[in-house]
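Trainee:
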Amino acid sequence: MDADDLVLVALINTPRDLEIARAEHWYRIPAKHAPAHLTQVRYLAFYLTRAFDDCKWTIREYAPVRGHELVRRRDLFPGEDDHPRAEDAYYKLQIGALISLPRPIVSQSGRRILFIWTTGDKFSRAVEINDLLGKSDADDALWQGLKDAGIHAERQMTISDGRARYRVDFWITCAQGNLAIILGDVPRRMPHGRAWRAMRFSADELENVDNCAHQVSRMIRELGGTKYLQRGATK
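Here the sequence shown stands for residues 13 to 247, numbered as in our numbering.
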């Protein structure tokens, strides 16, 4: 895997789907839900859901993508012609043998994410799911700054407040509310309300990542500290 290879992390909902990937070397994605640039993917990694018990919310294996074709579900599962989605279109990704990671990439919060686009460089170095995310060098720099400061955050979150939905770059769960962080100079709606606070860092402010992390730490203290616990930790 090269540093600039395009890697797609895809959700695996059932052990059956993982066994198909392992034994038959293909994976299906509904055409109506397929992410953009699907034909450019070089590697496919598998994010396991709660159906996998002790392995849930982890990435443990990946595979090179050999090709793709557009088919009907009935072509993938000839014995299921009466399935309600039998005529639906799917992308069938042909993949090579599955490769085990030296250590799983984990989601500390058990977060369900359908697709993640990332690079070979990020994938090779990732310890947790959030290491795969990020839209810019500044985004990645602040993420590293928060980690260095011992602050856990979720990246690239969509949060809801009634009918309103907000896309935030970082989301930190605190004891007395939650903290949303938005990056960049492009105007975006900021979440507001009793349940959370919001901070914005401009491109100029992001030149000093340590100061940004310090401001975040101060706001977290005002919100009573984080209430996040890593998987396996105890209160």
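C-beta atoms are modelled at their ideal positions from N, C-alpha and C, and glycine is treated no differently.
For A245, does the count of other Cβ atoms within 10 angstroms reach 16, so buried, or fall short, so exposed?
Mentor: In the sequence shown, counting from the first residue as 1, residue 245 sits at position 233. Because the pLDDT of A245 is 32, which lies under 50, any placement of that residue in the model is unreliable, and the question is left without a value.
Trainee: Do R78 and G122 count as a contact pair if the criterion is CB distance below 9 Å?
Mentor: Locating residue 122 in the sequence shown gives position 110, counting from the first residue. Locating residue 78 in the sequence shown gives position 66, counting from the first residue. The answer is no: Cβ separation not under 9 Å.
Trainee: Let me check understanding here. Comparing Cα to Cα, which of V83, L110, L82, G146 lies closest to D181?
Mentor: Counting from one through the sequence shown, the residue named residue 181 turns up at place 169. With distances taken between Cα atoms, D181 lies closest to G146.
Trainee: Does the beta-carbon distance from L126 to K104 come in below 9 Å?
Mentor: The residue you call residue 126 lines up with position 114 of the sequence shown. The residue you call residue 104 lines up with position 92 of the sequence shown. Taking 9 Å as the Cβ cut-off, L126 and K104 do not qualify as a contacting pair.
Trainee: Going along the chain, which unbroken runs of the beta strand (DSSP E) with 3 or more residues stay wholly within the stretch 168–198?
Mentor: The qualifying runs are 176–186, 189–195.
Trainee: Decide if N190 is buried, meaning its Cβ has at least 16 other Cβ atoms within 10 Å, or exposed.
Mentor: Counting from one through the sequence shown, the residue named residue 190 turns up at place 178. The residue is buried, with at least 16 neighbouring Cβ atoms inside 10 Å.
Trainee: Would you call T82 buried or exposed, if buried means 16 or more other Cβ atoms sit within 10 Å of its Cβ?
Mentor: Position 70 of the sequence shown, counting from 1, holds the residue named residue 82. Checking the sequence, you will find Leu at residue 82 rather than Thr. Label assigned to L82: exposed.
Trainee: Using the Cβ count rule (16 or more neighbours within 10 Å means buried), how would you classify S119?
Mentor: Here residue 119 refers to the residue found at position 107 of the sequence shown. Per the 10 Å Cβ criterion, buried.
Trainee: Mind checking which residues open and close the beta strand (DSSP E) that includes Q106?
Mentor: Locating residue 106 in the sequence shown gives position 94, where the first residue counts as 1. Segment 101–107, the beta strand (DSSP E) holding Q106.
Trainee: Please check the pair F64 and A22, which I expect to be a contact at CB under 8 Å, by giving their CB distance rounded to whole angstroms.
Mentor: For the purposes of this step, residue 64 is taken as residue 52 along the sequence shown, with counting starting at 1. For the purposes of this step, residue 22 is taken as residue 10 along the sequence shown, with counting starting at 1. Contact flag wrong, Cβ pair sits at about 14 Å.
Trainee: Within 8 Å, do at least three Cβ pairs link the stretch 154–173 to the stretch 41–61?
Mentor: Cβ pair count under 8 Å is below three, so no.
Trainee: Taking the alpha-carbon of H49 as reference, which of P27, L18, Y102 has the nearest alpha-carbon?
Mentor: Numbered from its first residue, the sequence shown carries residue 49 at position 37. Nearest option by C-alpha distance: L18.
Trainee: For L30, report the span of its alpha helix (DSSP H) as first-last.
Mentor: Here residue 30 is taken as the residue at index 18 of the sequence shown, counted from 1. It spans 27–35 - the alpha helix (DSSP H) in which L30 sits, taken as one unbroken run.
Trainee: If you follow the beta strand (DSSP E) that I125 is in, where does it begin and where does it stop?
Mentor: Reading the sequence shown from its first residue, position 113 is the one you call residue 125. First-last for I125: undefined, no H or E at that position.
Trainee: Quick one: what's R40 bridged to in DSSP?
Mentor: In the sequence shown, counting from the first residue as 1, residue 40 sits at position 28. Paired residue(s): K104.
Trainee: Would a C-beta distance cut-off of 9 Å place R56 and K68 closer than the cut-off?
Mentor: Within the sequence shown, numbered from 1, the residue matching residue 56 stands at position 44. Within the sequence shown, numbered from 1, the residue matching residue 68 stands at position 56. With the sequence shown as reference, residue 56 is identified as Leu, and Arg is not the correct amino acid for it. No. Outside cutoff.
Trainee: In this structure, what does DSSP give as the bridge partners for T131?
Mentor: Here residue 131 refers to the residue found at position 119 when the sequence shown is read from its first residue. The partner list for T131 (beta bridge, DSSP) reads L18.
Trainee: Going by C-alpha distance, which of R124, Y74, T131 is nearest A15?
Mentor: For the purposes of this step, residue 15 is taken as the residue at position 3 of the sequence shown. Closest option to A15, Cα to Cα, is T131.
Trainee: Mapping DSSP to helix, strand and coil, what is V221?
Mentor: Your numbering for residue 221 matches position 209 in the sequence shown. Note: V221 maps to helix in three-state DSSP.
Trainee: With respect to the beta strand (DSSP E) encompassing G79, which residues constitute its N-terminal and C-terminal limits?
Mentor: On the sequence shown, residue 79 is found 67 positions in, with the first residue counted as 1. From DSSP, the beta strand (DSSP E) with G79 extends over 70–84.
Trainee: Along the chain, where does the beta strand (DSSP E) containing L158 start, and where does it finish?
Mentor: Here residue 158 refers to the residue found at position 146 when the sequence shown is read from its first residue. That residue, L158, is in no beta strand (DSSP E); its alpha helix (DSSP H) goes 149–160.
Trainee: Based on Cα-Cα distance, which residue from A192, E217, N223, C224 lies nearest to T238?
Mentor: For this step, residue 238 is matched to residue 226 along the sequence shown. The shortest C-alpha separation from T238 is found at A192.
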